[in-house]
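Asker: For the sequence shown, the UniProt record's numbering assigns the number 1 to the initial residue and increments by one for each residue that follows. By construction, the Cβ of each residue, glycine as well, lies at the ideal position given by its N, Cα and C atoms.
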Amino acid sequence: MSAEALISEADFKLSMRHLAGAVSVITVGDGQDRTGFTATSVSSLSAELPSVIVSVNRASSSWPALQRYGCFCVNVLAADQQQVAQSFAGFDGRKGSERYGDAGWHHLKTGAAALENALTVLDCKLETAFHYSSHAILVGHVCAIEIRHGIGPLLYWRGGYHQLPAEVDRSGLAKALGQ
């Protein structure tokens, strides 16, 4: 029996819950064709050619819109935006453009929706998508950025949302880390 067969999907998901991640809402589409999803699978790819990677399930309603529009916005959520995360994760039953109702939105360069007062917004042109099993790994060229100062991030860890303050007490952090 191979090592791959010994790892169950449930065990893998439980293990991944131990990775703390910034919570982002990925927005795509226009008008009533807008949709989006909550993601912690966002990472920088290159600063030389500013780019990010995002993972999306190809069974998601956002996948066809990503293919159609060829652009998306990574809205990294601030500590006070948990409601937006929950809506785009489908916790309240909303779908598509209904998920945009509780927040203010505007547009940057690509036309994808940028969340007002997000911690940071990365407006991206979809460069390529790699298929791997049930997901696609999106490579987005960053075309525009907005940054909000003075507030901490919203994090997802062990199946729940958590907040970090805008200013971290470095001595307390060093003590917690045993330094």
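Could you give the uninterrupted runs of the alpha helix (DSSP H) lying entirely in the stretch 22 to 105, keeping only those of 4 residues or more?
Answerer: Taking only runs of at least 4 residues, the alpha helix (DSSP H) segments lying wholly in the stretch 22 to 105 are 62 to 69 and 82 to 88.
Asker: For L108, which residues from the same chain have a beta carbon less than 6 Å from its beta carbon, with the 5 sequence-adjacent residues on both sides left out?
Answerer: Excluding residues within five positions, the ones whose Cβ falls inside 6 Å are A114, D123 and A144.
Asker: Based on Cα-Cα distance, which residue from N57, G36 and E48 lies nearest to S133?
Answerer: The residue with the shortest Cα to Cα distance from S133 is N57.
Asker: Cβ atoms of I137 and P54: under 9 Å apart, would you say?
Answerer: The question names Pro, yet the displayed sequence has Val at residue 54. A contact, by the Cβ cut-off of 9 Å.
Asker: Note down the Cα distance separating S43 from G101, rounded to an integer number of angstroms.
Answerer: Those two C-alpha atoms are separated by around 27 Å.
Asker: Please classify P153 as buried or exposed, where buried requires at least 16 neighbouring CB atoms within 10 angstroms.
Answerer: With 16 or more other Cβ atoms within 10 Å, it is buried.
Asker: What three-state label does DSSP hand L164 in the structure shown?
Answerer: In the structure shown, L164 sits in coil (DSSP, three-state: anything other than H, G, I, E or B).
Asker: According to DSSP, is E116 part of a helix, a strand, or is it coil?
Answerer: Of the three classes helix, strand and coil, the one that applies to E116 here is coil, per DSSP.
Asker: Rounded to whole angstroms, what is the Cα-Cα separation between G21 and P165?
Answerer: Roughly 15 Å separates the two Cα atoms.
Asker: Using the beta-carbon count (16 or more within 10 Å), is S8 buried or exposed?
Answerer: Under this definition S8 is an exposed residue.
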